[in-house]
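Chains as they are written, first to last, in the working numbering: chain A, 1 to 139; chain B, 1001 to 1139. Ideal Cβ placement from N, Cα and C applies to all residues, glycine included. Predicted model only: the values in this text are computed from it and were never measured. Notes follow the structure.
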DNA sequence: TCTTGTATTGTACTAATTGTATCATTGTGT
DNA sequence: ACACAATGATACAATTAGTACAATACAAGA
């Protein structure tokens, strides 16, 4: 299937934490195209076995990448390269991704029979709700 | 001819459980009118085969919809869209569906690092583009 | 018509596989 | 010796898959 063989090279004496090395190398492989959005990474246990480390160490590396929005970890399913690369990768990509996301959203809403006015109104409403929720938290 | 082709689109990397995606999309298609009261849905096994998932996953989606009185599952017969979905429920479903769709969209955009302002601006832009395209067609 | 065998349907329960959370242990630098 | 970061161990939770079962439909034969 979409299973990738990562062939990571760990240096146990480099001073860099294992989880950092794992995270760095996965990120590198994404940057130079060895990994692509949507690819499934090995499970934490499988990669840990291969690297002869504890699976929590792999999990920690995955968590770092997850927090950086580079991968998406899903309990019970697996971990995957994020479909849309993180914004900071490229500003051009960034605006294009919002455009595509928006078009998909609008397209789906219209396909479901909602009017443009309804869509626009709902977006305003939900953004407002969100802002109010934020204000709540600050208190 | 009781067979409906649902043409569901699953995203295995979206973070949403498969069963949720199935349930949501069936609900959408009901709201949208692609499915009507009395329609028979594919059997859990048939849909599972088509979607390449385990039939229990489909069964779970059906159970959720069944509990919401949206469909009626009958052992040994099949599953059907509920005959009389009260109009107010239907309208409620409708607005909830746009709400959920919108929240998902906004959530994803923000998660990608876009600001609320950017999101709102982009929605306005794309709706405008769409409207202008419509006007073109009329001429 | 009635009976009966078989296929088809959803259900229930369990297992397997995934990532998560928490705390213990180890190791290193001061 | 101590402090702290890194790693390991263990238990947990979420999702999906596997297996056996029960209800229904339906066609064939008496």
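Can you list, in chain order, the residues of its chain whose CB lies under 7 Å from that of residue i, leaving out five sequence neighbours each side?
i, result
"residue 23 (chain A)", "61, 64 and 65"
"residue 8 (chain A)", "22, 25 and 51"
"residue 1010 (chain B)", "1018, 1021 and 1051"
"residue 54 (chain A)", "48"
"residue 86 (chain A)", "Because residue 86 (chain A) carries a pLDDT of 49, less than 50, the predicted location of this residue cannot be relied on, and the following value inherits that uncertainty. 68, 69 and 70, listed in sequence order."
If the criterion is Cβ atoms closer than 7 Å, does the pair residue i and residue j meet it?
i, j, result
"residue 110 (chain A)", "residue 1122 (chain B)", "no"
"residue 103 (chain A)", "residue 1126 (chain B)", "yes"
"residue 105 (chain A)", "residue 1105 (chain B)", "yes"
"residue 35 (chain A)", "residue 81 (chain A)", "yes"
"residue 1013 (chain B)", "residue 15 (chain A)", "no"
Closer than 6 Å by C-beta to residue i: which residues in its own chain qualify, once you throw out the five before and the five after it? Chain order, please.
i, result
"residue 58 (chain A)", "44, 47 and 48"
"residue 947 (chain B)", "Examination of residue 947 (chain B) is not possible in this model, given that chain B is present from 1001 through 1139 alone."
"residue 1072 (chain B)", "1080 and 1082"
"residue 89 (chain A)", "At residue 89 (chain A), the pLDDT of 46 sits below 50, so the modelled position is not reliable; the number obtained from the coordinates is stated separately. No residues qualify anywhere along the chain."
With a threshold of 16 other CB atoms inside 10 Å of the CB of residue i, please say whether the residue is buried or exposed.
i, result
"residue 1079 (chain B)", "buried"
"residue 1136 (chain B)", "Its pLDDT being 49, under 50, residue 1136 (chain B) is placed unreliably in this model, and the value from its coordinates should be taken loosely. When all chains shown are included, residue 1136 (chain B) counts as exposed."
"residue 1083 (chain B)", "exposed"
"residue 31 (chain A)", "exposed"
"residue 1074 (chain B)", "exposed"
"residue 100 (chain A)", "exposed"
"residue 119 (chain A)", "buried"
Of the choices the options, whose alpha-carbon is the least far from that of residue i?
i, options, result
"residue 76 (chain A)", "B:1037, B:1018 and B:1116", "B:1018"
"residue 1068 (chain B)", "B:1042, B:1038 and B:1027", "B:1027"
"residue 117 (chain A)", "B:1130, B:1119, B:1072 and B:1100", "B:1130"
Take residue i and list the residues in its own chain whose beta-carbon comes closer than 8 Å to its own, dropping the five residues that flank it on each side.
i, result
"residue 1128 (chain B)", "none"
Quick one, which residues of the stretch 15-39 of chain A are near chain B if we go by CB-CB under 8 Å, in chain order?
-> 38
Closer than 9 Å, Cβ to any Cβ of chain B: which residues of the stretch 40-54 of chain A, in chain order?
-> 40
Chain B contacts from the stretch 57-74 of chain A (Cβ-Cβ distance under 8 Å) | 69, 72 and 74
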